[in-house]
Amino acid sequence: MSLAIELSSVSFAYRAGHHVLEGVDLRIGEGAFVAIAGPNGGGKTTLVRIILGLERPSEGTASLYGEPAHRFSRRRTLGYLAQRSELGGDAPATVREVVSAGRLAAGGLLGPLRRRDRELVTEAIERVGLGDFADTPVQTLSGGMQQRAFIAKALAGEPSILVLDEPTTGVDAESQESLASLLARLHSELGATILYVSHEFGAVEQFVERLVLVRRTIVFDGPPQALPGVWHDPSHAHA
Ligand SMILES: Nc1ncnc2c1ncn2[C@@H]1O[C@H](COP(=O)(O)OP(=O)(O)O)[C@@H](O)[C@H]1O
Ligand SMILES: [Mg+2]
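Residue numbering for the sequence shown follows the working numbering, beginning at 429 and increasing consecutively.
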């Protein structure tokens with residue numbers, strides 16, 4: 429299995445002397461489906477921003493497919509659903525318009541989408557089960573459906589690595605479950621490397637092969653079934 433992501437001895441500080449990550453070693457193989465969990469403020473978002481090359485480690489190295497993450501040559505193959513993704517501007521964008529923006533970003537295109545781009549947009553909308561809502565304004569959809577529209581936006585770029593940061597924020601429990609099973613299905617169909625980042629991993633626990641708990645450093649890395657009971661305790665998980 430080839431290595432998609434590799435962090436070696438990564439530390440990170442937003443302000444000198446205040447490390448939010450310290451001594452992080454992480455290797456993720458191509459095609460893995462991994463949950464990254466841990467308490468709020470534990471460093472999850474910072475960690476994935478380093479993985480994606482959006483921040484550079486203060487110490488240590490971050491690589492994507494063997495290249496330095498911040499200079500990765502195939503940036504368009506990275507799909508990122510940022511924490512608290514919101515609709516840009518106040519235009520009442522439809523699902524198709526939102527998803528098309530993902531295709532524009534991927535192709536670096538200016539001007540109209542080509543036929544293949546339009547096909548990929550339609551395919552992504554169907555994959556997330558929003559086929560009947562393609563021309564519906566996203567703002568009128570439920571939280572869970574909006575998140576699926578944002579996932580379709582990321583999928584339209586045909587990512588080889590898909591990072592979803594807190595994708596279930598503001599989504600009811602039932603939609604969390606269906607989002608998790610949607611991701612599991614996409615993972616098996618597309619073979620993409622998926623990182624599911626959340627302070628709450630219950631919804632994906634049954635689907636992921638690996639759980640990485642981040643609390644300034646990696647405090648657990650293994651199959652969710654091997655997680656010591658103490659980490660299930662809310663006073664630790666959400667401290
Ligand atoms: N842009 C920033 N500037 C300064 N501090 C930040 C910034 N982003 C996050 N932090 C701090 O870094 C720590 C880790 O934050 P974050 O990576 O967002 O954790 P998580 O995603 O697990 O909640 C927190 O203490 C947070 O306040
Ligand atoms: Mg976060």
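We treat Cβ as the ideally placed atom computed from N, Cα and C, and that holds for glycine. Owing to the predicted nature of the structure, the values given are computational and were not obtained by experimental measurement.
Open item on the list: Are the CB atoms of R531 and L548 within a distance shorter than 8 Å?
Closed with: In the sequence shown, counting from the first residue as 1, residue 548 sits at position 120. In the sequence shown, counting from the first residue as 1, residue 531 sits at position 103. Taking 8 Å as the cut-off, the beta carbon of L548 is found closer than this to the beta carbon of R531.
Task: heavy atom of ligand 2 below 7 Å from Q511 C-beta - done: As a working mapping, residue 511 is identified with position 83 in the sequence shown. Q511 Cβ: within cutoff of ligand 2.
Open item on the list: Can you tell me which residues fall inside 5 Å of ligand 1, judged by beta-carbon distance to its nearest heavy atom, and keep chain order?
Closed with: Those residues that have a beta carbon less than 5 Å away from any non-hydrogen atom of ligand 1 are, in order along the chain, Y442, V448, N468, G469, G470, G471, K472, T473 and T474.
Open item on the list: Less than 8 Å between C-beta atoms, sequence neighbours within five positions excluded: which residues of the same chain meet that for D673?
Closed with: Because the chain here runs from 429 to 667, residue 673 falls outside it and cannot be looked at.
TODO: In the DSSP assignment, find the unbroken alpha helix (DSSP H) run with F578 in it and report its ends.
DONE: Locating residue 578 in the sequence shown gives position 150, where the first residue counts as 1. First-last of the alpha helix (DSSP H) with F578: G571 to A584.
Task: Within 8 Å, strictly: CB atoms of A580 and L558 - done: Walking along the sequence shown from the start, residue 580 turns up at place 152. Walking along the sequence shown from the start, residue 558 turns up at place 130. The answer is yes: Cβ separation under 8 Å.
Open item on the list: Quick check on DSSP: helix, strand or coil for R504?
Closed with: Working through the sequence shown from its first residue, we reach residue 504 at position 76. It is helical.
Open item on the list: Tell me the rounded alpha-carbon separation between E487 and L655.
Closed with: By 1-based counting over the sequence shown, the position of residue 487 is 59. By 1-based counting over the sequence shown, the position of residue 655 is 227. For E487 and L655, the gap between their C-alpha atoms comes out near 29 Å.
Task: G650 - partner residues in DSSP beta bridges - done: Locating residue 650 in the sequence shown gives position 222, counting from the first residue. The partner list for G650 (beta bridge, DSSP) reads L639.
TODO: Quick one: grab the DSSP three-state call for R644.
DONE: Taking the sequence shown and counting its residues from 1, one reaches residue 644 at position 216. If DSSP states are grouped into helix, strand and coil, R644 belongs with coil.
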